[in-house]
Amino acid sequence: MSDIPNIQPDSRDNTILAAPDIELDVRECFGIDIDMKVPAFSVADERVPDRDDTYVFDPDTTLAILAGFAFNRRVMVQGYHGTGKST
9 MSDIPNIQPD
19 SRDNTILAAP
29 DIELDVRECF
39 GIDIDMKVPA
49 FSVADERVPD
59 RDDTYVFDPD
69 TTLAILAGFA
79 FNRRVMVQGY
89 HGTGKST
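Residue numbers are given in the working numbering: position 83 of the sequence shown equals residue 91, and the series is strictly consecutive.
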């Protein structure tokens, strides 16, 4: 017997909602002093971590990523493992 879980390869593409359905205020959500709204999902799935109110976002990096979401532009995030690329 194998200890490998039975994971369906296409299940990572399944989301609860097909597209963002709300807009979030960047100042309110990320604490960055800018008048900007970004598309967001109103419902989280298992890939979304719990909110950490003590986390401090780097303003320049966060705005670059959010601008990519807001204006449908590609953004490449790179860095060493464990440096917070996915948080």
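Just so you know, even glycine gets a beta-carbon here, dropped at the ideal spot from N, CA and C. The model shown is predicted, which means the values in this text are computed figures rather than measured ones.
If we count the other Cβ atoms within 10 Å of its Cβ and call it buried at 16 or more, is residue i buried or exposed?
i	result
L161	Since the displayed the chain opens at 9 and closes at 95, residue 161 lies outside it and no answer follows.
V34	buried
V46	buried
Pull the bridge partners of residue i from the DSSP assignment, please.
i	result
K45	D33
Along the alpha helix (DSSP H) that carries residue i, what are the first and last residues, could you check?
i	result
A52	Neither: A52 is in no alpha helix (DSSP H) and is coded neither H nor E.
G76	67-78
Is the segment 50-64 touching the segment 21-38, taking contact as three or more C-beta pairs under 8 Å? yes
Count the CB pairs spanning the segment 58-77 and the segment 40-47 that are closer than 8 Å, and state whether there are at least three. yes
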